[in-house]
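Numbering (our numbering) for the sequence shown: 154 to 458.
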Amino acid sequence: MIAKEKSGEQELFVSGHRACHGCGMALSVGHILKATGKDVIVVTPTGCLETFTSPYGYSPWRVPWIHHLFENGPSIASGVAAALKAQGRIHVRVLVIGGDGATFDIGFGALSGMLERGDDVLYICVDNGAYMNTGGQRSGASPMYSSTTTDPAGKISPGKSQMKKDLPAIIAAHGAPYVATASVAYLKDLEKKVKKAMEYHGPRYIQIDTPCPSVWGFSPDRTLEIGRLGVQSGLIPIIEMQGGMLTNVLKIKKKIPVEEYLKSQKRFSHLFRDGQHQKEIEKIQALADINIQKYGLLKDVEDKR
Ligand SMILES: Cc1ncc(C[n+]2csc(CCOP(=O)(O)OP(=O)(O)O)c2C)c(N)n1
Ligand code: SF4
Ligand SMILES: [Mg+2]
Numbered sequence: 154m155i156a157k158e159k160s161g162e163q164e165l166f167v168s169g170h171r172a173c174h175g176c177g178m179a180l181s182v183g184h185i186l187k188a189t190g191k192d193v194i195v196v197t198p199t200g201c202l203e204t205f206t207s208p209y210g211y212s213p214w215r216v217p218w219i220h221h222l223f224e225n226g227p228s229i230a231s232g233v234a235a236a237l238k239a240q241g242r243i244h245v246r247v248l249v250i251g252g253d254g255a256t257f258d259i260g261f262g263a264l265s266g267m268l269e270r271g272d273d274v275l276y277i278c279v280d281n282g283a284y285m286n287t288g289g290q291r292s293g294a295s296p297m298y299s300s301t302t303t304d305p306a307g308k309i310s311p312g313k314s315q316m317k318k319d320l321p322a323i324i325a326a327h328g329a330p331y332v333a334t335a336s337v338a339y340l341k342d343l344e345k346k347v348k349k350a351m352e353y354h355g356p357r358y359i360q361i362d363t364p365c366p367s368v369w370g371f372s373p374d375r376t377l378e379i380g381r382l383g384v385q386s387g388l389i390p391i392i393e394m395q396g397g398m399l400t401n402v403l404k405i406k407k408k409i410p411v412e413e414y415l416k417s418q419k420r421f422s423h424l425f426r427d428g429q430h431q432k433e434i435e436k437i438q439a440l441a442d443i444n445i446q447k448y449g450l451l452k453d454v455e456d457k458r
């Protein structure tokens, strides 16, 4: 931070928040704002980000920030965008930064409306795959066979039995001009995508994989490593879609088996406890392989093997 102040570059998300150690979401927000610059108004639905950035008397936000309800982020953002347009303040842009529960589930109707109307909003989902602020309940973004408090793994259940909702594809199908996924483990790629999204007008969407040490169950010094394992296994495809077409993917350098990713986190530990879950592990491997094939994630040399 001192080096930044000396170079004249202002940090827009500073200390004073109360995120858990190693929180992938907190790390990603600083880099999002680095890429947008200061002329933004940020809208944040209820969730970890809202809670850990608003302890009484403190704020890490150095840009205007609005918190409202869990379910209406896109509607608030659309209203702010309309007001800015009416005032002729076209240099100020509107950004939503919201959790996966707010985005995939409870705010999905409002998001669909925002997309369909073509409102000028960049919507960023910081995806930690469950409702973390309230203790880790299942969301439409929770990965298959993860154990959550509402879909706990046990004698009968191997955890969540449904697949993660393919929200980027659903958003692209609304005609959004720019849709991308990113990971906090690849910060340069993340910043580049946010900068690119800011060049467009209309509704844009970026979904960022943000590992959560507290609820996924791993040591807080491993956040970036866990994020990389997700990407390098093929389970978290990092892609870009412009005008509804796939235009870019982050290639996998060295494909790793999904076991390596799953074994690193407590939310999947039941899959390895009694040797009874080979079928579920194979199913997860198949999901990763489908991503690899569908998006062409392997480097050419490995594609030919
Ligand atoms: C209508 C409504 N239902 C439930 C809640 C309780 N609630 C607050 S935050 C939250 C979960 C947020 O999950 P997500 O959007 O994934 O964000 P995260 O906390 O994981 O970052 C819930 C269920 C609420 N505030 N309002
Ligand atoms: S619970 Fe997870 S997402 Fe929420 S602040 Fe802690 S590490 Fe971050
Ligand atoms: Mg969440």
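All residues carry an ideal CB built from backbone N, CA and C; glycine is no exception. As the structure is a computational prediction, the values presented were derived from the model and not from experiment.
Three-state class that DSSP yields for residue i in the structure shown
i	result
residue 201	helix
residue 427	coil
residue 180	helix
residue 281	coil
residue 438	helix
residue 448	helix
residue 443	helix
residue 261	helix
residue 370	helix
residue 266	helix
residue 347	helix
residue 303	coil
residue 223	coil
residue 275	strand
residue 323	helix
Residue burial classification, residue i (beta-carbon count within 10 angstroms, cutoff 16)
i	result
residue 240	exposed
residue 376	buried
residue 434	buried
residue 167	exposed
residue 313	buried
residue 211	exposed
residue 421	buried
residue 243	exposed
residue 371	buried
residue 272	buried
residue 425	exposed
Residues near residue i in its chain [Cβ-Cβ closer than 7 angstroms; skip 5 each side]
i	result
residue 280	253, 294, 360, 361, 362 and 363
residue 344	184, 187 and 188
Where the beta strand (DSSP E) containing residue i begins and where it ends
i	result
residue 314	Premise fails: residue 314 is in no beta strand (DSSP E) and is neither H nor E.
residue 251	246 to 252
residue 361	357 to 362
residue 398	398 to 402
residue 354	Unbroken run through residue 354: none, as it is neither H nor E.
residue 334	331 to 336
residue 243	Note, residue 243: premise wrong, no beta strand (DSSP E); not H, not E.
residue 219	218 to 220
N-terminal and C-terminal residue of the alpha helix (DSSP H) that residue i is part of
i	result
residue 395	Premise fails: residue 395 lies in the beta strand (DSSP E), 392 to 395, not in any alpha helix (DSSP H).
residue 377	376 to 386
residue 414	411 to 416
residue 230	226 to 240
6 angstroms CB neighbourhood of residue i in its chain, flanking five on each side removed
i	result
residue 175	366, 373 and 376
residue 246	193
residue 203	197 and 220
residue 275	248, 350 and 357
residue 438	411
residue 172	179 and 205
residue 288	302
Contacting residues, own chain, Cβ-Cβ under 8 angstroms from residue i (five flanking each side not counted)
i	result
residue 394	321, 325, 331, 332, 333 and 400
residue 225	198, 260 and 263
residue 304	291, 295, 310, 312, 313 and 314
Exercise for the section: Just jot down, in chain order, the residues whose CB lies closer than 6 angstroms to any heavy atom of ligand 4. Expected result: Ligands present in the displayed structure are limited to ligand 1, ligand 2 and ligand 3, and ligand 4 is not among them.
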